[in-house]
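Peer 1: Quick note, the sequence shown lines up with residues 8 to 270 if you use the working numbering.
Shown below is the structure under consideration.
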Amino acid sequence: MLRRWFGLLLLVALLAVTLPVMAVKFGQPDGGEHPYVGLLVFYDEGGTPQWRCTGTLIAPKLVVTAAHCTELNGPARIWFDEDVSMVAEYPLGGGDSYAGRAYASPWWQGGLYLPNTGDVGVVVLDQEVTGKGSLPSLAPDGSLDSLATQRGQQDTTFEVVGYGLQSVKPALSSLRVRLKANVHLVNLRSSLTDGYNLQTSNNPGKGNGGPGGTCFGDSGGPIFNSDHQIVAVNSFVLNENCAGAAFGYRVDRAEVINWVYSH
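Following this line, the structure appears as structure tokens:
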């Protein structure tokens with residue numbers, strides 16, 4: 008098993024200085040397209056904020072995210088505001104926020120043991136959320152498998168949504184704003200993926216409207232297919248500056264689907 012730093016997408020700096028940049032790398036403002044994607048904050052049992060991630064409401068009281076976000080199995084809160092930076096009470100409440108309890112998957116071992124990291128988690132909310140339109144679902148079992156050997160993989164695109172960092176070097180730059188971007192399929196059958204992970208491009212596109220990517224804080228955020236189903240949750244990157252390869256933990260697997268929806 009391999010345990011080394013792969014740049015988890017989680018953002019520990021909850022109150023980082025906010026600069027006028029975007030979050031999902033060179034993404035577009037969400038514009039209300041994904042009202043069910045929210046910013047998650049996780050707390051210790053004493054109520055002290057620990058870190059933040061992104062999550063997706065897939066049922067009125069159920070949010071799917073990454074296990075390295077939920078590993079404390081403790082209190083959590085999600086904000087569905089598109090611009091959480093406007094919420095004065097953040098990270099303790101206010102805005103369009105809901106409290107709940109986080110749970111890591113039974114396959115999560117507290118680190119990135121590749122390829123099956125088990126990096127999926129859920130937050131069960133204390134009350135139902137309404138008014139978010141038609142909620143997305145997890146993609147059916149094996150929905151990505153046909154792409155593993157298919158030619159023209161670079162033509163397969165996915166959409167990512169999140170509240171993460173825009174860049175790490177030379178300065179930590181973060182907004183609490185929901186953004187979206189397109190990424191391309193890179194690999195499904197390498198030693199790092201092997202049926203458990205989805206490798207996508209993480210190309211900033213020079214900020215000119217080209218492809219985007221994910222960065223710290225986008226952890227647990229959805230990777231949508233063309234049918235607007237969630238095929239993976241953002242998990243890890245290989246570069247501390249969020250350049251190069253990005254990986255999502257696949258949720259189009261029967262055991263994952265069954266575990267998530269059992270809550």
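Idealized CB from N, CA, C, for every residue including glycine.
In this text the structure is predicted, and so the values were computed from the model without any measurement.
(1) Report the residue from E135, G117 and V136 whose alpha carbon sits nearest the alpha carbon of G128.
(2) Report yes if the CB atom of Q206 is closer than 8 Å to the CB atom of S198, and no otherwise.
(3) State the Cα-Cα distance for the pair G228 and S153, rounded to the nearest angstrom.
(4) Can you tell me where the alpha helix (DSSP H) holding A74 begins and where it ends?
(5) Considering only residues of the same chain and omitting the five flanking positions on each side of F254, which have a CB-CB separation below 6 Å?
(6) Look at the alpha carbon of L69 and the alpha carbon of Y110, and state the distance between them as a whole number of angstroms.
(7) Output needed for R257: all residues of its chain with C-beta closer than 8 Å, excluding positions within five of it in sequence on either side, in chain order.
(8) Taking the alpha-carbon positions, what's the V1 to G54 distance?
(9) Thinking just about the alpha-carbon of each residue, which of F87, H75 and P113 is nearest to the one in G101?
(10) Thinking C-beta only, is W115 closer than 8 Å to E78?
(11) Can you find the residues in the same chain that come closer than 7 Å, C-beta to C-beta, to E135, ignoring five residues on each side of it along the sequence?
(12) Going by DSSP, name the residue or residues bridged to N232.
(13) Should D148 and A261 be called a contact, given that it needs their Cβ atoms to be closer than 8 Å?
(14) Roughly how many angstroms lie between the CA atoms of Y97 and I230, to the nearest whole one?
(15) Under the three-state reduction of DSSP, which class applies to L154: helix, strand or coil?
(16) In or out: E89 buried (at least 16 other Cβ within 10 Å) or exposed?
(17) Starting from A261, trace the alpha helix (DSSP H) both ways and give me its first and last residue.
(18) Relative to the C-alpha of D37, which candidate in D103, S208, V131 and N189 has its C-alpha closest?
(19) Report the rounded CA-to-CA distance for E52 versus G81, giving the unit in angstroms.
(20) For T137, count neighbouring C-beta atoms within 10 Å of its own C-beta (all shown protein chains included) and say buried if the count is 16 or more, exposed if not.
(21) Compare the Cα-Cα distances from D162 to each of S208, A146, V184 and G171 and report the closest residue.
(22) Would you call the CB atoms of G107 and A83 closer than 8 Å?
(23) For S233, count neighbouring Cβ atoms within 10 angstroms of its own Cβ and tell me buried if that reaches 16, exposed if not.
(24) If you check the beta carbons only, do S104 and G125 fall under 8 Å apart?
(25) Note down, one range per segment and in chain order, each beta strand (DSSP E) of at least 3 residues found wholly within the stretch 75-147.
(26) Per DSSP, which residues does G227 bridge with? Please list them.
(27) Please state whether the Cβ-Cβ distance between L142 and L64 is less than 8 Å.
Peer 2: Looking at the coordinates:
(1) G117
(2) no
(3) 23 Å
(4) A74 to T77
(5) N204, Q206, S242 and F243
(6) 11 Å
(7) L151, G202, Y203, N204, L205, V238, A239 and V263
(8) This structure leaves residue 1 out entirely; the chain is present only between 8 and 270.
(9) F87
(10) yes
(11) P67 and K68
(12) According to DSSP, N232 bridges with nothing at all.
(13) yes
(14) Whole-angstrom Cα-Cα distance: 26 Å.
(15) helix
(16) buried
(17) A261 to Y268 is the span of the alpha helix (DSSP H), which, as asked, contains A261.
(18) N189
(19) 6 Å
(20) exposed
(21) S208
(22) yes
(23) exposed
(24) no
(25) Within the stretch 75-147, the complete beta strand (DSSP E) runs of at least 3 residues are 82-86, 104-111 and 128-132.
(26) Listed as beta-bridge partners of G227 by DSSP are no residues whatsoever.
(27) Going by C-beta atoms, L142 is nearer than 8 Å to L64.
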